[in-house]
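Asker:
Numbering (my numbering), first residue to last: 163 to 457.
In structure tokens, the structure reads:
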């Protein structure tokens, strides 16, 4: 059966948690009122606070249970899932994280992903203020096996590979990507042109759906252009969000399409068969071959 999802291209009230939580709740309620009703609403990276908080992340960070309770108490819906980016506080550490949870009295937290690849170059200074996540894994949910990535995680093809090898057929990428450059006639900032190529390639190589939710708005002179998108397991873009404004983008997934795409072009099954051999025999993997196997 098809599954309906809403991508929330969202503008937070920077540094104002209560106001932004209220706005998130209003967005969730608006999505829940759509027909057909989505099973999941996907928000972008750092949707609760805005991205460029620098030292302010310590004051704005929440634990995953605090975030879940704050949203669950504001939204009286059942059977609706959310994926949302936030600065997470846990055991003294601060992380750029993504929460996946089911709302309602019978709901709860299903998964938390901590950004692995921290952008620390140019205008980005993440390693100064947050810690890196330890790994990438998929989890079971109403979409089947699903994985979360956060922004630069998606720039590394190994991230999609690890998610797919753990069984993911849907990859949600939560992003806060500032607009940069614009080639003549491109119709979009250069960063979104690159995102289109990256997300399409991850989807096609692994036979998975890829959904990218982008932050929108301005922070300290830096603009987030939006341009959220979704890609089918053959790498085709199936929906694209507007530029420079908030939006709720409906997406319908047919999970059977992932199996059909993998059967038609078995790139992923080739990867599964070769993965362990590649790790053991490729010097760049960092995995040592057993001494008995070294010629």
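For glycine and all other residues, C-beta sits at the position ideal for the given N, C-alpha and C.
The alpha helix (DSSP H) spanning residue 380 covers which residue range?
Answerer: Per DSSP, residue 380 belongs to no alpha helix (DSSP H); it is in the beta strand (DSSP E), 378 to 381.
Asker: I need the straight-line Cα distance from residue 195 to residue 285, nearest angstrom please.
Answerer: 39 Å
Asker: Rounded to whole angstroms, what is the Cα-Cα separation between residue 304 and residue 245?
Answerer: 13 Å
Asker: So the alpha helix (DSSP H) residue 368 belongs to, where does it begin and stop?
Answerer: Where residue 368 is concerned, the enclosing alpha helix (DSSP H) stretches over 352 to 368.
Asker: Take residue 298 and list the residues in its own chain whose beta-carbon comes closer than 8 Å to its own, dropping the five residues that flank it on each side.
Answerer: 275, 278, 309, 311, 315, 321, 324, 325, 328
Asker: Measuring CB to CB, does residue 262 end up less than 8 Å from residue 338?
Answerer: no
Asker: For the putative contact between residue 203 and residue 242, defined by C-beta atoms under 8 Å, what is the C-beta separation to the nearest angstrom?
Answerer: 7 Å
Asker: Across which residues does DSSP place residue 249 in a beta bridge pair?
Answerer: 258
Asker: Note down the Cα distance separating residue 375 from residue 444, rounded to an integer number of angstroms.
Answerer: 35 Å
Asker: If you follow the alpha helix (DSSP H) that residue 442 is part of, which residue opens it and which one closes it?
Answerer: Note, residue 442: alpha helix (DSSP H), 429 to 443.
Asker: In three-state DSSP terms, what is residue 456?
Answerer: Note that residue 456 scores a pLDDT of 45, beneath 50, so its modelled location is shaky; the value from the coordinates is reported in the next line. Three-state DSSP puts residue 456 in coil, outside helix and strand.
Asker: Is it the case that the region 421 to 441 contacts the region 218 to 235, given that we only count it when at least three CB pairs across the two stretches are under 8 Å?
Answerer: no
Asker: What are the residues that DSSP puts in a beta bridge with residue 411?
Answerer: 169
Asker: In angstroms, rounded to a whole number, what distance separates the CA positions of residue 394 and residue 207?
Answerer: When rounded, the distance between both Cα atoms is 21 Å.
Asker: Roughly how many angstroms separate the alpha carbons of residue 404 and residue 386, rounded to a whole number?
Answerer: 12 Å
Asker: Distance, Cα to Cα, residue 209 vs residue 399?
Answerer: 24 Å
Asker: When you compare only the Cα positions, how much space is there between residue 420 and residue 427?
Answerer: 11 Å
Asker: Might you give, ordered along the chain, the residues of its own chain that have their beta carbon closer than 8 Å to the beta carbon of residue 191, omitting 5 neighbours on each side?
Answerer: Around residue 191: 237, 239.
Asker: Looking at the unbroken alpha helix (DSSP H) that takes in residue 323, where does it start and where does it end?
Answerer: 319 to 327
Asker: So, with DSSP's three-state summary, where would you put residue 281?
Answerer: coil
Asker: State the Cα-Cα distance for the pair residue 407 and residue 341, rounded to the nearest angstrom.
Answerer: In a straight line, the C-alpha of residue 407 is about 13 Å away from that of residue 341.
Asker: Does the beta-carbon of residue 369 have 16 or more other beta-carbons within 10 angstroms, so that it is buried, or is it exposed?
Answerer: Buried, since its Cβ has 16 or more Cβ neighbours within 10 Å.
Asker: Please report the Cβ distance between residue 183 and residue 232, rounded to the nearest whole angstrom; I am assuming they are in contact, meaning their Cβ atoms lie under 8 Å.
Answerer: 5 Å
Asker: With which residues is residue 293 paired in a DSSP beta bridge?
Answerer: 257
Asker: How about residue 251 and residue 264: are their beta carbons less than 8 Å apart?
Answerer: no
Asker: Is residue 171 buried or exposed, if buried means 16 or more other CB atoms sit within 10 Å of its CB?
Answerer: Around the Cβ of residue 171, a 10 Å sphere holds 16 or more other Cβ atoms; the residue is buried.
Asker: In chain order, what residues of the same chain have a beta carbon less than 7 Å from the beta carbon of residue 293, not counting five sequence neighbours either side?
Answerer: 255, 256, 257
Asker: Buried or exposed for residue 372, going by 16 or more other Cβ atoms inside 10 Å?
Answerer: buried
Asker: What's the gap between the Cα of residue 429 and the Cα of residue 367?
Answerer: 6 Å
Asker: In the DSSP assignment, find the unbroken beta strand (DSSP E) run with residue 307 in it and report its ends.
Answerer: 306 to 312
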